Amino acid sequence: MSIRIRPYQEADRPFLRTLYLAARKATFTWLDQSEWALEDFDRSVIGEKVIVAEREGKIVGFASILLHDNFLHNLFIDPEAQGQGVGSHLIGIVEQNFTRTGSLKCLVKNQKAVSFYLKRGWETVSTGDSSTGEYYLFHFRLKR
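Residue 115 in the numbering used here sits at position 115 of the sequence shown; the count goes up by one each step and never skips.
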């Protein structure tokens, strides 16, 4: 089953709203989820380049990037498709979009994602605190 990465289309919005909410609920179990809504996706990707992963015509994940900052803001995979290479395909395209060192923030408690980024060669450069908890700041250095 091959994974296809393509640009976001407005017709993707309804499904990506659902995927974003479901993936967050499945991942961030320690956070208060009572106020989360489908519209959170809309606010989360404003001004960002969004790419979509499909397998057999079904959307299975997405990533959003602040291109001018070389910052990966979102990388979410359908909970049923996690561990099947979708994230690796998406992050590979994200890394190709960087024009200099890329960065992202990942909550410390999200150990599955932390492991994923470390295995991909991302480096932890600092920690910080946010309203959702302590996070790592990761950098991805371009290989020239």
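By construction, the Cβ of each residue, glycine as well, lies at the ideal position given by its N, Cα and C atoms.
As the structure is a computational prediction, the values presented were derived from the model and not from experiment.
State the Cα-Cα distance for the pair residue i and residue j, rounded to the nearest angstrom.
| i | j | result |
| --- | --- | --- |
| lysine 109 | phenylalanine 140 | 20 Å |
| leucine 38 | leucine 107 | 21 Å |
| tyrosine 117 | histidine 73 | 13 Å |
| threonine 29 | alanine 23 | 10 Å |
Can the beta-carbon of residue i be found closer than 7 Å to that of residue j?
| i | j | result |
| --- | --- | --- |
| isoleucine 5 | isoleucine 65 | no |
| valine 86 | valine 114 | no |
Which residue marks the beginning of the beta strand (DSSP E) containing residue i, and which one marks its end?
| i | result |
| --- | --- |
| glycine 87 | Looking at the DSSP string, glycine 87 is not in any beta strand (DSSP E); the run it does join, the alpha helix (DSSP H), is 86-97. |
| aspartate 129 | 123-130 |
| arginine 4 | 3-7 |
| leucine 21 | It is not in any beta strand (DSSP E) - leucine 21 instead sits in the alpha helix (DSSP H) that spans 13-27. |
Thinking just about the alpha-carbon of each residue, which of the options is nearest to the one in residue i?
| i | options | result |
| --- | --- | --- |
| glutamate 48 | Arg120, Trp122, Phe71 and Ile3 | Phe71 |
| glutamate 56 | Glu123, Asp129, Ile3 and Lys112 | Ile3 |
| glycine 92 | Ala53, Thr127 and Glu80 | Ala53 |
First and last residue of the alpha helix (DSSP H) that includes residue i?
| i | result |
| --- | --- |
| lysine 119 | 111-119 |
Within the chosen definition, does the segment 126-135 reach the segment 84-102 through at least 3 CB pairs nearer than 8 Å?
no
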